[in-house]
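Peer 1: Under my numbering, think of the first position of the sequence shown as 765, with each following residue one higher.
Glycine included, every Cβ here is placed at the ideal spot set by N, Cα and C.
The structure's right below; bear with me while I get my questions together.
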Amino acid sequence: VQQMVLRPFVAMEEAKEVKLTTMYVLFFGPVMPMGVIPTVMSRVIDSSTDLVKLLSACRQPIPKPAKLLHLSHQRFNVGIVVAAVGWNVCLSLITYNPKLYQWSSELQWMLVAVMVGWPA
């Protein structure tokens, strides 16, 4: 009876937290590398306290197949790695490039087309 009073533990919400932290580290890590250390440490602490939360503060879930969760996480990982590579290339070519204004206009337009995703 006491289990019904507690709120349910939602695995998809926990997976969403992991995904958001991964995005934060991959996209903002190149801009502010020292921010990665506290972010990863907070994620480790949060992950270790989730077990306590699951056992004491949340209603224990009924086991279900996690195929959707695994598929979603795999596709997210592939997409985020591709996006992070593109992000880092754009940062290197645009933000950290002091001679961008000396590039020819065709090369600049090609860079814009690649950034936007148009076929060049």
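Please confirm whether V782 and V804 have their CB atoms less than 8 Å apart.
Peer 2: The sequence position of residue 782 within the sequence shown is 18, counting from 1. The sequence position of residue 804 within the sequence shown is 40, counting from 1. Going by C-beta atoms, V782 is not nearer than 8 Å to V804.
Peer 1: Considering only residues of the stretch 776–832, which uninterrupted alpha helix (DSSP H) runs meet the minimum length of 4 residues and lie entirely inside it, listed in chain order?
Peer 2: Segments of the alpha helix (DSSP H) lying fully in the stretch 776–832: 800–816.
Peer 1: What first and last residue would you give for the alpha helix (DSSP H) that runs through W873?
Peer 2: Here the question's residue 873 lines up with position 109 in the sequence shown. Where W873 is concerned, the enclosing alpha helix (DSSP H) stretches over 869–880.
Peer 1: Just the C-alpha distance for W715 and S836, rounded to the nearest angstrom, thanks.
Peer 2: Residue 715 lies beyond the stretch modelled for the chain, which goes from 765 to 884, so this question has no answer here.
Peer 1: Assuming contact is defined by CB atoms lying nearer than 8 Å, are M787 and I844 in contact in what I supplied?
Peer 2: Numbered from 1 along the sequence shown, position 23 holds the residue referred to as residue 787. Numbered from 1 along the sequence shown, position 80 holds the residue referred to as residue 844. In contact: M787 and I844 (Cβ atoms closer than 8 Å).
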